[in-house]
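For reference, the structure discussed in these notes is given below.
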Amino acid sequence: MKSPLTIKDLVNLLYQNREVVEMLFGNKDSLNKSEILAREDMSDEKLEKLVAYEIIHENNNIIGLDDRITTFIEEFLEIGEVTTSFINDNIQTLNENLKYYRIDSNPKFLRNIKRSLKKINSTTSREVMKLHKNIDDTYKNQDNYVIKLQELDKYKRKRDDIIDLIKESEQIISEAQGFFNTIIDAELNSIVLDLRYVLVRNRDYLNEIQAQIIDFINKIQYQSEIYKKIQRLKELKDYEELKYKTNFDDVVAGTNALMFQKRNILRSRLSLDFLHSDHGYMLTQKVAARLHLLRNNYRKPAGKMAAGFDDNNREESASLNIEGLVNKFLQTDTDLFQFVLNYKFPEKAGDLSLEKRISLYVGISIDYDNKLTISGKIGKMEIVNEKKQKLKVGYAIIKPNRKALV
Amino acid sequence: MNIPKQTPEIFSILSKGNFISSNGSKGKLYEVISYEDNFHILKEFFSHTGYILEHGHNYYYFSQLEETNTLMEKKLEQFAYYIDVMDFFSSMDTKPTVGTRYRVTQIAEECFSNERLKQKILALSRKEKMVDKVAEIAGDLTTGGFFEQEDEDTYKVMDAIHYLEQVISLITIEDDGEQTNP
Numbered sequence: 001m002k003s004p005l006t007i008k009d010l011v012n013l014l015y016q017n018r019e020v021v022e023m024l025f026g027n028k029d030s031l032n033k034s035e036i037l038a039r040e041d042m043s044d045e046k047l048e049k050l051v052a053y054e055i056i057h058e059n060n061n062i063i064g065l066d067d068r069i070t071t072f073i074e075e076f077l078e079i080g081e082v083t084t085s086f087i088n089d090n091i092q093t094l095n096e097n098l099k100y101y102r103i104d105s106n107p108k109f110l111r112n113i114k115r116s117l118k119k120i121n122s123t124t125s126r127e128v129m130k131l132h133k134n135i136d137d138t139y140k141n142q143d144n145y146v147i148k149l150q151e152l153d154k155y156k157r158k159r160d161d162i163i164d165l166i167k168e169s170e171q172i173i174s175e176a177q178g179f180f181n182t183i184i185d186a187e188l189n190s191i192v193l194d195l196r197y198v199l200v201r202n203r204d205y206l207n208e209i210q211a212q213i214i215d216f217i218n219k220i221q222y223q224s225e226i227y228k229k230i231q232r233l234k235e236l237k238d239y240e241e242l243k244y245k246t247n248f249d250d251v252v253a254g255t256n257a258l259m260f261q262k263r264n265i266l267r268s269r270l271s272l273d274f275l276h277s278d279h280g281y282m283l284t285q286k287v288a289a290r291l292h293l294l295r296n297n298y299r300k301p302a303g304k305m306a307a308g309f310d311d312n313n314r315e316e317s318a319s320l321n322i323e324g325l326v327n328k329f330l331q332t333d334t335d336l337f338q339f340v341l342n343y344k345f346p347e348k349a350g351d352l353s354l355e356k357r358i359s360l361y362v363g364i365s366i367d368y369d370n371k372l373t374i375s376g377k378i379g380k381m382e383i384v385n386e387k388k389q390k391l392k393v394g395y396a397i398i399k400p401n402r403k404a405l406v
Numbered sequence: 407m408n409i410p411k412q413t414p415e416i417f418s419i420l421s422k423g424n425f426i427s428s429n430g431s432k433g434k435l436y437e438v439i440s441y442e443d444n445f446h447i448l449k450e451f452f453s454h455t456g457y458i459l460e461h462g463h464n465y466y467y468f469s470q471l472e473e474t475n476t477l478m479e480k481k482l483e484q485f486a487y488y489i490d491v492m493d494f495f496s497s498m499d500t501k502p503t504v505g506t507r508y509r510v511t512q513i514a515e516e517c518f519s520n521e522r523l524k525q526k527i528l529a530l531s532r533k534e535k536m537v538d539k540v541a542e543i544a545g546d547l548t549t550g551g552f553f554e555q556e557d558e559d560t561y562k563v564m565d566a567i568h569y570l571e572q573v574i575s576l577i578t579i580e581d582d583g584e585q586t587n588p
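Residue numbers (our numbering), protein chains in the order written: chain U, 1 to 406; chain L, 407 to 588.
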């Protein structure tokens with residue numbers, strides 16, 4: 001019943017069943033037969049055909065993809081396990097063909113040499129890439145420590161193997177360089193050059209990978225020790241032995257990171273200058289609103305004052321100018337004390353108190369003494385002060401100096 | 407000496423006993439401190455405040471030398487609690503390594519299916535619901551600066567977890583044949 005497969009048949013067969021192949025490839029642990037048959041695109045007949053052509057295997061109702069197909073896909077997509085055998089195979093082929101070509105310069109052997117060189121180039125790069133991908137993946141995703149460590153260790157050995165193969169390839173190429181030089185073939189030259197470059201680059205890459213593996217292994221070992229230790233400490237703690245069997249107290253006493261200290265929250269006072277600012281006003285307003293203190297909120301802050309608003313005030317204080325007062329006094333015939341005491345100041349200046357008038361009197365008598373005549377006589381009068389006490393006051397009688405006026 | 411303009415922000419975080427980790431939301435500040443000579447400049451600057459700027463593997467923190475007895479007790483108590491919490495997290499399938507993301511609901515589920523974890527978390531939190539228990543201890547580690555909350559359900563392990571690991575590795579256990587120290 002089974003006729004030999006041609007390439008066309010095989011590709012067709014795979015294409016027709018591409019969905020199932022993809023599913024089976026994704027589920028490497030194999031699927032139940034019923035699961036496959038439940039698919040719309042699958043029937044008993046089709047399944048039988050696939051089994052007959054050994055695309056898939058059936059065993060105890062478990063269906064899995066044939067290993068050859070799996071390997072093919074993995075290799076082509078550069079996924080899956082790292083193997084050094086491909087590189088190794090190519091090196092062997094290269095060696096053989098070199099030998100043959102030396103004996104018989106048949107172009108067929110040269111073609112094989114070129115192909116092997118190209119293949120060494122591509123397989124080496126591919127395996128190195130896979131190695132890196134797998135290491136990273138193992139470190140990040142493998143949950144079990146023991147397995148993780150062992151896997152990384154395995155990759156470490158693989159990495160050594162690849163390095164050895166690279167060295168071997170380099171050795172072969174450099175030994176054959178003289179021989180290559182005798183062959184006049186531009187393509188061969190460029191292939192060899194390219195391969196040399198790729199080998200060096202991959203060697204550098206592998207050195208980096210080596211450092212990374214060691215780093216990962218150390219980290220895992222350190223960390224798994226830490227976790228074990230935590231659990232051990234917890235055990236001791238539960239038995240109340242932490243204090244006696246460990247130096248827990250000393251170690252903790254020795255840690256002075258702030259996190260174990262009392263958290264002193266820094267408190268600062270509000271700046272008064274800030275409260276006077278517009279922003280400060282807004283803030284106080286907000287707080288007041290929250291505390292319902294805004295019963296008087298119809299009192300808005302005063303608007304900005306017009307420039308020069310206080311000019312009038314300045315004039316007023318100027319109107320108390322003593323010069324004018326003295327000039328007026330000089331026109332009169334009374335004595336200075338009575339004049340100052342009874343003088344009606346303009347309304348703007350307001351009502352001056354007795355004390356102010358007295359100090360004005362004293363001030364004038366000192367500042368304008370050249371315009372005044374101090375007679376030496378003393379006048380007396382009674383004054384009622386604010387507390388309604390009667391006071392007798394004596395004062396020097398000062399008259400205008402008529403001579404000074406002239 | 408040019409003090410970085412982020413210094414007040416750095417100070418306010420560190421002075422509260424928090425860490426600045428490279429893989430947290432304050433990663434920018436971590437970079438500022440690590441930039442050129444900034445670490446030494448800031449160390450000198452902060453030394454006048456009585457705090458010592460320290461750095462661990464990818465994180466910064468403040469230390470202070472003053473010690474009192476009550477503080478000592480508090481420290482011991484707090485660290486004993488961290489042992490419990492770390493014990494819980496290291497007993498899980500996913501270990502608390504830097505960058506690990508934990509989802510509260512996921513942990514809670516694991517607790518339901520794993521009796522050992524369940525016992526541990528029962529001892530750790532008095533909250534009623536499992537999710538709340540998990541959220542509580544994750545929150546405690548977040549307050550300590552060892553975790554950071556990314557969204558309602560997700561916590562991320564910070565670089566500062568190295569600090570706890572460091573302290574734990576400093577503890578020596580008397581040899582009783584069960585365990586050797588790393």
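Cβ atoms here follow ideal geometry from the backbone N, Cα and C, with glycine treated the same way.
These numbers come from a predicted model, not from an experiment.
Evaluate residue i with the Cβ neighbour count: other Cβ atoms within 10 Å of its Cβ, from every protein chain shown; 16 or more gives buried, anything less gives exposed.
i: S116 (chain U); result: buried
i: M492 (chain L); result: buried
i: S105 (chain U); result: exposed
i: R157 (chain U); result: exposed
i: S85 (chain U); result: exposed
i: K387 (chain U); result: exposed
i: A318 (chain U); result: Confidence at A318 (chain U) is low in this model, with a pLDDT of 47, below 50, so the placement of that residue is unreliable and no value is reported for it.
i: N424 (chain L); result: buried
i: F329 (chain U); result: buried
i: G26 (chain U); result: exposed
i: D153 (chain U); result: exposed
i: M381 (chain U); result: exposed
i: T246 (chain U); result: buried
i: N17 (chain U); result: buried
i: G551 (chain L); result: buried
i: L37 (chain U); result: exposed
i: Y197 (chain U); result: exposed
i: H568 (chain L); result: buried
i: V82 (chain U); result: buried
i: S437 (chain U); result: Residue 437 (chain U) cannot be examined here, being either before or after the span of chain U that is shown, 1 to 406.
Between residue i and residue j, how many whole angstroms is the CB-CB distance? I'm expecting something under 8 Å.
i: T548 (chain L); j: R507 (chain L); result: 13 Å between Cβ atoms; not a contact.
i: I378 (chain U); j: I397 (chain U); result: 7 Å
i: I574 (chain L); j: I226 (chain U); result: 6 Å
i: R159 (chain U); j: L131 (chain U); result: 6 Å
i: L523 (chain L); j: E516 (chain L); result: 6 Å
i: K504 (chain L); j: D557 (chain L); result: First, the residue type needs correcting, since residue 504 (chain L) is Val and not Lys in the sequence shown. Going by Cβ atoms, the distance from V504 (chain L) to D557 (chain L) rounds to 19 Å, so no, they are not a contact pair.
i: D185 (chain U); j: L94 (chain U); result: Actually they are not in contact, since the Cβ atoms of D185 (chain U) and L94 (chain U) sit about 15 Å apart, beyond 8 Å.
i: N61 (chain U); j: K33 (chain U); result: 4 Å
i: V21 (chain U); j: R39 (chain U); result: That pair is no contact at about 12 Å.
i: S125 (chain U); j: N202 (chain U); result: 6 Å
Can you name, in chain order, every residue of its own chain whose Cβ lies under 7 Å from the Cβ of residue i, other than the five neighbours on each side?
i: D490 (chain L); result: L530
i: G64 (chain U); result: L24, S30, I56, H57
i: Q412 (chain L); result: L435, V438
i: E54 (chain U); result: D66
Using a Cβ-Cβ cut-off of 6 Å (strictly less than) and excluding sequence neighbours within five positions of residue i, which residues of its own chain qualify?
i: Y368 (chain U); result: V326
i: F479 (chain U); result: In the structure displayed, chain U extends from 1 to 406; residue 479 (chain U) sits before or after that span and is not available.
i: S271 (chain U); result: none
i: V356 (chain L); result: No information on residue 356 (chain L) is available, as it lies outside the stretch 407 to 588 that chain L covers here.
i: Y466 (chain L); result: I426, I439
i: F417 (chain L); result: none
Leaving out five residues on either side along the sequence, give the residues of the same chain with a beta carbon under 8 Å from the beta carbon of residue i.
i: T123 (chain U); result: F86, I87, N90
i: F485 (chain L); result: V573
i: L165 (chain U); result: T84, I87, N88, I91, T124
Taking residue i as the reference, give the member of the options with the closest Cα.
i: L341 (chain U); options: U:D333, U:T332, U:K356; result: U:K356
i: T578 (chain L); options: U:H276, U:K108, U:S224, U:K229; result: U:K229
i: F248 (chain U); options: L:Y488, L:D499, L:F552, L:Q555; result: L:Y488
i: S469 (chain L); options: U:Y222, U:M129, U:N256; result: U:N256
i: A211 (chain U); options: U:I135, U:V393, U:T71, U:K49; result: U:I135
i: V146 (chain U); options: U:R232, U:L110, U:S224, U:Q331; result: U:S224
i: I374 (chain U); options: U:D335, U:I166, U:I7; result: U:D335
i: I214 (chain U); options: U:L258, U:D238, U:S174, U:Q150; result: U:Q150
i: R408 (chain U); options: U:S34, U:F76, U:N61; result: Because chain U is modelled from 1 through 406, residue 408 (chain U) falls outside the range shown and cannot be assessed.
Going residue by residue through the segment 181-250 of chain U, where are the continuous alpha helix (DSSP H) segments of at least 4 residues, counting only ones entirely within it? For the segment 181-250 of chain U, whole alpha helix (DSSP H) runs of length 4 or above, ordered along the chain, are 186-238, 242-245.
What ranges does the beta strand (DSSP E) occupy inside the segment 4-63 of chain U, keeping only unbroken runs of at least 3 residues that lie completely in it? Within the segment 4-63 of chain U, the complete beta strand (DSSP E) segments of 3 residues or longer fall at 56-59, listed in chain order.
Complete beta strand (DSSP E) runs within the segment 490-523 of chain L (minimum length 3 residues, chain order): With a minimum length of 3 residues, the continuous beta strand (DSSP E) runs that stay inside the segment 490-523 of chain L are 507-509.
Unbroken alpha helix (DSSP H) runs of length 4 or more, entirely within the segment 78-109 of chain U: which are they? Within the segment 78-109 of chain U, the runs of alpha helix (DSSP H) that reach at least 4 residues and sit entirely inside it are, in chain order, 85-103.
Complete beta strand (DSSP E) runs within the segment 532-587 of chain L (minimum length 3 residues, chain order): Runs of the beta strand (DSSP E) inside the segment 532-587 of chain L: 553-555, 560-563.
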